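Have a look at the structure below, then the notes.
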Amino acid sequence: MRATQAMREGLGNVRRTCSSRRTDQPWRNALRRAVVVLLFVLAAPALLAAQPATDLSQVPLTFGILPIGGASESLDAWRPTLDDMSRSLQRPVRSISVSTYEGLAEAIAEERVDIAFVSGRLALQAVGEHRMQVVAQLTRGDGSRGYYSVLLVPKNSPIHTIADIYSKPNHWRYARGESLSMSGYLVPETQLFASHKLDSDTFFATVVVGNHQNNALAVANNEVDVASNNTADLERFAQHFPEQYARLRVLWKSSLIPHAVIIVRDDLSPQLRAAITDFITHYAKSGRNAAAELANLKLIHDISGFAPASNAALVPFADIDYTLDRRRALSAQWVSDAAMQARLQKIESSHRALVE
Numbered sequence: 002m003r004a005t006q007a008m009r010e011g012l013g014n015v016r017r018t019c020s021s022r023r024t025d026q027p028w029r030n031a032l033r034r035a036v037v038v039l040l041f042v043l044a045a046p047a048l049l050a051a052q053p054a055t056d057l058s059q060v061p062l063t064f065g066i067l068p069i070g071g072a073s074e075s076l077d078a079w080r081p082t083l084d085d086m087s088r089s090l091q092r093p094v095r096s097i098s099v100s101t102y103e104g105l106a107e108a109i110a111e112e113r114v115d116i117a118f119v120s121g122r123l124a125l126q127a128v129g130e131h132r133m134q135v136v137a138q139l140t141r142g143d144g145s146r147g148y149y150s151v152l153l154v155p156k157n158s159p160i161h162t163i164a165d166i167y168s169k170p171n172h173w174r175y176a177r178g179e180s181l182s183m184s185g186y187l188v189p190e191t192q193l194f195a196s197h198k199l200d201s202d203t204f205f206a207t208v209v210v211g212n213h214q215n216n217a218l219a220v221a222n223n224e225v226d227v228a229s230n231n232t233a234d235l236e237r238f239a240q241h242f243p244e245q246y247a248r249l250r251v252l253w254k255s256s257l258i259p260h261a262v263i264i265v266r267d268d269l270s271p272q273l274r275a276a277i278t279d280f281i282t283h284y285a286k287s288g289r290n291a292a293a294e295l296a297n298l299k300l301i302h303d304i305s306g307f308a309p310a311s312n313a314a315l316v317p318f319a320d321i322d323y324t325l326d327r328r329r330a331l332s333a334q335w336v337s338d339a340a341m342q343a344r345l346q347k348i349e350s351s352h353r354a355l356v357e
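Residue numbers for the sequence shown follow the numbering used here, beginning at 2 and rising by one.
Right, here's the structure in full:
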């Protein structure tokens with residue numbers, strides 16, 4: 002009986018010991034986890050320090066190209082100059098060329114572009130809304146300060162004056178540029194149509210929107226009766242399509258439009274912005290490689306280089322925008338004079354904000 006009692010007491014002690022160990026186990030696990038976390042926190046700085054820092058010099062810069070002709074054609078034309086930029090900056094420079102102005106505007110708005118070659122309206126939007134700044138402006142070999150918007154008609158067209166166009170509403174077929182194109186839309190719309198209280202999109206029988214090359218081809222092939230274009234692109238068109246160019250006639254030429262500009266993101270480091278500006282404004286100007294660099298620019302077009310510029314270069318473009326918006330406001334139908342005056346005041350204040 003004593004042996005049996007001893008055995009029972011021994012089994013009880015074993016059960017109590019096991020139970021105690023099971024009760025202590027969660028605390029032991031929690032303690033172990035806390036020790037592991039503490040060791041990780043203490044070791045984290047050393048682990049982070051051991052990781053290689055990102056080499057910003059190897060992060061590519063993206064150059065956005067204003068669509069001239071086809072997108073692939075523009076990429077090929079710019080590539081030698083951008084390769085020289087990459088070597089000068091000691092940093093990769095990739096390019097993005099799109100088929101439309103809207104496509105480039107979207108890339109800038111989405112911050113997918115660091116540097117861009119753009120026309121005035123696109124530059125206005127990029128500077129005003131998307132943290133870009135003008136650093137240079139195109140210069141041409143002939144020393145011109147700008148270029149001109151033109152209207153093209155077939156050489157044998159019955160249209161001989163602008164009055165011939167005005168005399169037949171809803172009759173002619175029209176090809177124009179995109180709404181962000183200075184020479185393809187904004188300038189002719191301002192100087193020819195809005196000034197007569199007309200809207201080209203409703204005045205003509207049909208309207209197609211395309212780039213300068215396709216619009217010139219449409220006129221040459223009698224697919225449209227009249228098209229907008231510009232003197233610089235028309236020169237390029239004459240080189241690439243001499244037979245079609247011979248079928249064209251210039252009906253109208255605008256006042257001078259300032260050349261396109263180079264814009265750069267203003268959140269790039271000051272040192273990088275300065276290096277980009279220095280390269281662009283000195284390219285093809287001097288040094289042993291100047292002749293080869295000038296040949297690279299000629300691949301793009303008759304470009305002699307880029308002159309230093311600032312956002313002040315956009316004032317003429319802002320004036321064109323202002324004139325068009327004001328003329329449209331004055332010719333629109335309003336519920337009251339007060340509503341029209343409010344719109345005019347908004348146009349006025351927006352223009353002042355851009356130019357002051």
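Every residue gets a Cβ at the ideal spot worked out from N, C-alpha and C, and that includes glycine. Treat the numbers as computed from the prediction; the structure is a model and nothing was measured.
Our contact map puts residue i next to residue j with C-beta atoms below 8 Å; I'd like the distance itself, whole angstroms only.
i: residue 153; j: residue 217; result: 6 Å
i: residue 177; j: residue 207; result: Between residue 207 and residue 177 the Cβ distance is about 11 Å, and since that is not below 8 Å, they are no contact.
i: residue 276; j: residue 125; result: About 26 Å; that fails the 8 Å criterion.
Report the three-state DSSP secondary structure of residue i (helix, strand or coil).
i: residue 114; result: coil
i: residue 120; result: coil
i: residue 239; result: helix
i: residue 221; result: helix
i: residue 204; result: helix
i: residue 351; result: helix
i: residue 108; result: helix
i: residue 65; result: strand
i: residue 228; result: strand
i: residue 274; result: helix
Got a sec? Which residues, its chain only, sit under 7 Å from residue i by beta carbon, not counting five neighbours each side?
i: residue 204; result: 170, 194
i: residue 179; result: 101, 102, 103, 185, 186, 210
i: residue 251; result: 151, 153
i: residue 181; result: 102, 103, 106, 122, 123
i: residue 160; result: 154, 166, 226, 227, 252
Any C-beta of chain D sitting closer than 8 Å to the C-beta of residue i?
i: residue 311; result: No chain D appears in the structure shown, which is made up of a single protein chain.
On a Cα-Cα basis, can you pick out the residue from the options that is closest to residue i?
i: residue 1; options: 239, 162, 296, 136; result: Examination of residue 1 is not possible in this model, given that the chain is present from 2 through 357 alone.
i: residue 247; options: 179, 122, 157, 104; result: 157
i: residue 105; options: 86, 66, 172; result: 66
i: residue 1; options: 314, 134, 141, 165; result: In the structure as shown, the chain begins at 2 and stops at 357. Residue 1 is therefore absent and cannot be evaluated.
i: residue 63; options: 108, 89, 81, 229; result: 108
i: residue 328; options: 190, 90, 91; result: 190
i: residue 324; options: 197, 242, 90, 166; result: 197
i: residue 140; options: 113, 258, 129, 60; result: 258
i: residue 1; options: 347, 74, 149, 159; result: Any property of residue 1 remains undetermined from this structure, which presents the chain solely from 2 to 357.
i: residue 315; options: 227, 129, 330, 287; result: 129
Looking only at its own chain, which residues have a Cβ that is under 6 Å from the Cβ of residue i, when we skip the five neighbours before and after it?
i: residue 355; result: 319
i: residue 285; result: 291, 294, 295, 298, 306
i: residue 142; result: 303, 305
i: residue 37; result: At residue 37, the pLDDT of 46 sits below 50, so the modelled position is not reliable; the number obtained from the coordinates is stated separately. So the list is empty, once near-sequence residues are dropped.
Report all residues from its chain with a CB closer than 8 Å to the CB of residue i; omit the five preceding and five following residues, and keep chain order.
i: residue 84; result: 94
i: residue 330; result: 341, 344, 345, 348
For this session: Go through the stretch 131-193 residue by residue and report every complete run of the beta strand (DSSP E) that reaches 3 residues or more, in order.
Result: Whole beta strand (DSSP E) segments, 3+ residues: 133-141, 147-155, 174-177.
Exercise. Can you list the beta strand (DSSP E) stretches of 3 or more residues lying completely in the stretch 276-345, in chain order?
Worked result: Runs found: 304-309.
Exercise. Along the chain, which unbroken stretches of the beta strand (DSSP E) at least 3 residues long are found entirely within the stretch 75-106?
Worked result: Qualifying beta strand (DSSP E) stretches, in chain order: 94-98.
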